[in-house]
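Throughout the sequence shown, residue numbering follows my numbering, covering -2 to 209 in sequence.
Glycine residues also receive a C-beta, built at the ideal position from the N, C-alpha and C atoms.
Computed from a predicted structure; not experimentally measured.
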Amino acid sequence: MRKLSAFDRLISNTDEILRTVSGNTQQAQRPSPASDIEKSELPENKRKHIAGLMRVNHTGEVCAQALYKGQALTAKSETVKNNMEQAANEEVDHLVWCEERLQELNDHVSYLNPMWYALSFSLGAIAGALGDSWSLGFVKETEDQVCKHLDEHLDQVPMNDQATRAVLRQMREDEAKHAHMAKSEGARDLPDNARKAMTLMSKLMTKSTYHI
């Protein structure tokens, strides 16, 4: 098998980034949790709200992809690098599931995804450069906040929309697993000001991508 050149890797990575931010990702490794669930008819106001929530979740997964890729790029150890790349691969499933649900709701992914990808990749690369324990601490805090975020969304999705609820439940289970992985690998607790900054950025992303 021919060894990939730096240019080959650049083309491959660029293609992957474009697919991620545009809502045209590769195939999921696992079928959507909603694939065998009958889709309920929703009133227009409910459809728009749930589509907004799923658009936020999709952008959150775009950010997760970028964070993990950035952290893998600057990780100090091969073990952490491999864990970051594996987590990024698992997040692809979430991207595809969110895209599929948005299509079923006749809606679109966020037009702001390229900006959030670039910002998240940069933050991930910086976190990785600070050292593996800090990088893992960044992962744990991110995933803890995502779990709380998904819990809030589950509270807002009506019980008759079992398709959306199934996707969100499986995503939450996977994110909790990633947080546990980071902790078991030696994640440090982030300073309060870092956690507050991450919360602020999360709120800004949520408010912007819900509508755009």
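Under the rule that a run must span 4 or more residues, the alpha helix (DSSP H) segments found entirely inside the segment 43 to 110 read 75 to 101. The Cβ atoms of residue 182 and residue 133 lie closer than 7 Å to each other. Secondary structure of residue 190 (DSSP, three-state): helix.
Per DSSP, residue 37 lies in no alpha helix (DSSP H) segment and is marked neither H nor E. Residue environment analysis places residue 190 among the exposed positions, since fewer than 16 neighbouring C-beta atoms fall within 10 angstroms of its C-beta. Here residue 196 is exposed, its C-beta having fewer than 16 other C-beta atoms within 10 Å.
When only Cα atoms are considered, residue 146 and residue 74 end up about 30 Å apart. Counting C-beta pairs with one atom in each stretch, the segment 163 to 182 and the segment 101 to 112 have fewer than three that are closer than 8 Å, which means they do not touch.
For residue 80, the CB contacts under 7 Å within the same chain, skipping 5 residues up- and downstream, are 178, 182 in chain order. Under the DSSP assignment, residue 142 falls in the alpha helix (DSSP H) whose first and last residues are 129 to 153.
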